[in-house]
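Be aware that the sequence shown starts at 1, since it is given in UniProt numbering, and climbs by one per residue. Comments concern the structure below.
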Amino acid sequence: MKVQIFKEQTNGSNCYDVRVLTEEATVQDYLDAINLFIDKNTSAPCRGCDECCWERIPLTSVDVLSYIQRLGSQLGLEKNWPLLDFLKRYAYIYVEGQVVDISLGYTLEGACQFLNRDQRICTGYTARSLVCQSYICMESTERAQELRSQLVNQGMDEMVRLWLIQSRRRGGKLYMHEAHKACPQLADYPVNAFSGKESYSQVLLKDVCDPILWNELNQPG
1 MKVQIFKEQT NGSNCYDVRV LTEEATVQDY LDAINLFIDK NTSAPCRGCD ECCWERIPLT
61 SVDVLSYIQR LGSQLGLEKN WPLLDFLKRY AYIYVEGQVV DISLGYTLEG ACQFLNRDQR
121 ICTGYTARSL VCQSYICMES TERAQELRSQ LVNQGMDEMV RLWLIQSRRR GGKLYMHEAH
181 KACPQLADYP VNAFSGKESY SQVLLKDVCD PILWNELNQP G
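Structure below.
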């Protein structure tokens, strides 16, 4: 075990906390620990509950690569530019000035477009995004919340970087679903821990976390 997710009491209420046990721990180890915690601590399965499927679902670079690799044939993506085609058809790209937000697309009613509303299940479950995989229906400690936030934010930044690079290679035109004075710059999205990675097993937690958070996660329990 490289990452431990465990219950903690905060102000008399149950919440979950996280501890990293080795410097070799990856994002996938973190997700595996979350799944184990859910299996052991959830009194009823969440199948048939779609409450979290109506929230904004930010996308990391690994998320999109996973959707393409696992669901590519059924999504019918363009062969030469599958990433850009996925973003155009299945994501929502919002740009305001230099700030870019890329999330999963949603229906007119506001649900994730991968939600089967009749059965209330995810049709892309095997490739679901980091923010979905790391969701636990329970309050969390500040450091657990901050870890999830830093992972999602860095992964999102890399997604934007790839969007900018591949759009430039394709011809330079940026496809956006909504834009206000858009002027995104590649320099604003530098290489980070997610760059060049195709799976979460390749991303080390210590490379994502800032020093303060990393020290907190390594505190002995």
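Backbone N, C-alpha and C define an ideal beta-carbon position, used for all residues, glycine too.
Just the Cα atoms here: how many angstroms apart are residue i and residue j?
i, j, result
"Leu147", "His180", "31 Å"
"Glu55", "Ser129", "13 Å"
"Leu213", "Leu205", "10 Å"
"Gly76", "Ile102", "20 Å"
"Arg120", "Cys132", "15 Å"
"Gln98", "Val160", "11 Å"
"Glu139", "Asp39", "17 Å"
"Tyr189", "Glu158", "7 Å"
"Tyr175", "Thr26", "32 Å"
"Ser13", "Thr60", "32 Å"
"Val64", "Gly172", "21 Å"
"Arg70", "Leu83", "13 Å"
"Asp118", "Val152", "29 Å"
Using the Cβ count rule (16 or more neighbours within 10 Å means buried), how would you classify residue i?
i, result
"Ala187", "exposed"
"Pro184", "buried"
"Gly196", "exposed"
"Phe6", "exposed"
"Thr123", "exposed"
"Ser66", "buried"
"Pro58", "buried"
"Tyr30", "buried"
"Tyr203", "Just to set this straight, residue 203 is Val in the shown sequence, not Tyr. Buried, by the Cβ-count rule."
"Ser149", "exposed"
"Val191", "exposed"
Roughly how far, in whole angstroms, is the beta-carbon of residue i from the beta-carbon of residue j, given that I think they are within contact range, below 8 Å?
i, j, result
"Thr141", "Cys15", "6 Å"
"Gln62", "Gly155", "With the sequence shown as reference, residue 62 is identified as Val, and Gln is not the correct amino acid for it. About 6 Å; that satisfies the 8 Å criterion."
"residue 250", "Ala111", "Residue numbering for the chain in the displayed model covers 1 to 221; residue 250 lies beyond these limits and cannot be assessed."
"Ile165", "Ile34", "Contact flag wrong, Cβ pair sits at about 31 Å."
"Gln28", "Tyr200", "4 Å"
DSSP state of residue i, grouped into three classes?
i, result
"Glu139", "strand"
"Ile212", "helix"
"Asn41", "helix"
"Leu83", "helix"
"Ile34", "helix"
"Ala182", "coil"
"Thr126", "helix"
"Ile102", "strand"
"Asn116", "strand"
"Gln219", "coil"
"Leu174", "coil"
Pair every Cβ in the stretch 15-35 with every Cβ in the stretch 83-94, then say whether three or more of these pairs are closer than 8 Å.
The stretch 15-35 makes no contact with the stretch 83-94: fewer than 3 CB pairs, one atom from each, lie closer than 8 Å.
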